[in-house]
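Numbering (the numbering used here), first residue to last: 175 to 465.
As structure tokens, this is what we get:
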């Protein structure tokens, strides 16, 4: 089926052509997730008319039409103006069949997710693209590899990676360029130099393995804020009392790590090996003596 003829399909965010060496097929990109949360509108309380924002100059005390507004960049204390011709010169001219070029592959486990911006579903652009699309999707999923790509969308060059899904689909994860991603060391420069004890790490590894799940389906988890909002909306419609504010039980502020790890493993029903337990006890004893 040609998805372009399906009137129920949402509008594609962008189109392109995946170029994986000699394998080429057209795709359309759709936002994988959209914010469908609480939609509040600002209105004039007296007449309930929607309020529109205006371009207001505080110096001239006047509302400005769009033609009197300009784009500027502050550089060394000066304001440098950029007109539309200037902006057109730095962006890529729009064209059909924009390439999404694969520049290499990497194991999914080694992909850095700190710079994720947006995730898109990629779908075949037409019937001719369906078969090569499906073959590449299955290959990427089976090998658990991501294809690093460069592509053009909205007149700009972007980077990202394509991964295969269990349902033979493709996901394009758009990334920020490295210069826009903060380095963790900025916030805690000593983090990677903090010494850890092998017995403690081994207990933590057992805890991680005990909590392992095969998949994570977001449909299994509801948005609690939206649920509370729906409840509040119903109370307003029917004049019922407002529900009590939500509260969350907080964890204890101070815990002994080893004891917490052991308690977590016991809750999971996992046996704690005597070797690991004795090593953990010696670790706690050394810590108490040092303090």
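Backbone N, C-alpha and C define an ideal beta-carbon position, used for all residues, glycine too. Quick caveat, the model's predicted, so the values are computed rather than measured.
Query - Exposure label - residue 184; buried when at least 16 CB within 10 Å - result: exposed
Query raised in the report: To the nearest angstrom, how far is it from the Cα of residue 244 to the Cα of residue 231?
Result: 12 Å
Requested in this report: Using the Cα positions of residue 478 and residue 313, report the straight-line distance between them to the nearest angstrom.
Outcome: Residue numbering for the chain in the displayed model covers 175 to 465; residue 478 lies beyond these limits and cannot be assessed.
**Report entry** Whole-angstrom distance between residue 299 and residue 175, CA atom to CA atom
**Finding:** Reliability fails at residue 175, whose pLDDT of 42 lies under 50, so the model's placement of it is uncertain and the value that follows must be treated cautiously. Approximately 10 Å between the Cα atoms of the pair.
Report task. Using the Cα positions of residue 179 and residue 234, report the straight-line distance between them to the nearest angstrom. Result -> In this prediction, residue 179 scores a pLDDT of 49, lower than 50, which makes its location untrustworthy; no coordinate-derived value is stated.
Query raised in the report: Does the Cβ of residue 363 have 16 or more other Cβ atoms within 10 Å, making it buried, or fewer, making it exposed?
Result: exposed
Query raised in the report: How would you label residue 199, buried or exposed, when you count the other beta carbons within 10 angstroms and need 16 or more for buried?
Result: buried
Query raised in the report: Which two residues bound the contiguous beta strand (DSSP E) that contains residue 279?
Result: 273-281
Query raised in the report: Are any of the Cβ atoms in chain B nearer than 8 Å to that of residue 258?
Result: Annotation note: the requested chain B is absent from the structure, which comprises a single protein chain.
Query raised in the report: Quick one, which of 336, 341 and 393 has its alpha-carbon nearest residue 347's?
Result: 336
Query raised in the report: In this structure, does DSSP put residue 212 in helix, strand or coil?
Result: coil
Query raised in the report: To which residues does DSSP link residue 292 through a beta bridge?
Result: 348
Query raised in the report: My guess is that residue 351 and residue 333 are in contact by the Cβ rule of under 8 Å, so how many angstroms apart are they, rounded?
Result: 7 Å
Requested in this report: Report back the beta-carbon spacing between residue 344 and residue 296 to the nearest angstrom; my notes put them in contact at under 8 Å.
Outcome: 4 Å
Query raised in the report: To the nearest whole angstrom, what separates the beta carbons of residue 318 and residue 275, a pair I think is in contact under 8 Å?
Result: Actually they are not in contact, since the Cβ atoms of residue 318 and residue 275 sit about 22 Å apart, beyond 8 Å.
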